[in-house]
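Quick note on this note's numbering: the sequence shown kicks off at 3 and runs consecutively.
For each residue, glycine too, the CB sits at the ideal point set by N, CA and C.
Computed from a predicted model, the values in this text were never measured in an experiment.
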Amino acid sequence: DIIDTGKTMQKLLETLSKYELKSVKVASLLVKKTPLSCGYIPDYVGFAVPDLFVVGYCLDYNDIFRDLDHICAISDVGKSKYAV
3 DIIDTGKTMQ KLLETLSKYE LKSVKVASLL VKKTPLSCGY IPDYVGFAVP DLFVVGYCLD
63 YNDIFRDLDH ICAISDVGKS KYAV
């Protein structure tokens, strides 16, 4: 999946820490480089992507593009064309 701001993962890890697990490791295919990031970096990262809306490999835009066999950024034209 993708780590965008990192806030959701930080909250999840905080919640999991209450269970005193022996260890927890986080892997993410993508990490977005965004000024909104809280600074969280997973233990394992596939690729860093720019602060753009990316689709493909199960990442979608309004339920479209998730079946692409590659990852790409959707343009503003594409966003408006497939807006709901």
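query = Who are the near neighbours of T7 in its chain, counting only those whose CB is closer than 7 Å to its CB and skipping five residues on each side?
reply = Working through the sequence shown from its first residue, we reach residue 7 at position 5. Excluding positions up to five away in sequence, the list reads T36, L38, S39 and C40.
key: Buried or exposed by the 16-neighbour rule on C-beta atoms within 10 Å, applied to S77   = Indexing the sequence shown from 1 puts residue 77 at position 75. Classification for S77: exposed.
Spatial neighbours of L54 in its chain, beta-carbon cut-off 7 Å, leaving aside the 5 residues before and after = Indexing the sequence shown from 1 puts residue 54 at position 52. Excluding sequence neighbours, L54 sits near A75.
ask   = Going by alpha carbons, who is nearest to L31 out of A85, V57 and V79?
value = One-based indexing of the sequence shown puts residue 31 at position 29. Checked all of A85, V57 and V79; the closest Cα to L31 is V57.
message = Assuming V79 is part of the alpha helix (DSSP H), what are its boundary residues?
response = Counting from 1 along the sequence shown, the entry for residue 79 is found at position 77. It spans D78 to K83 - the alpha helix (DSSP H) in which V79 sits, taken as one unbroken run.
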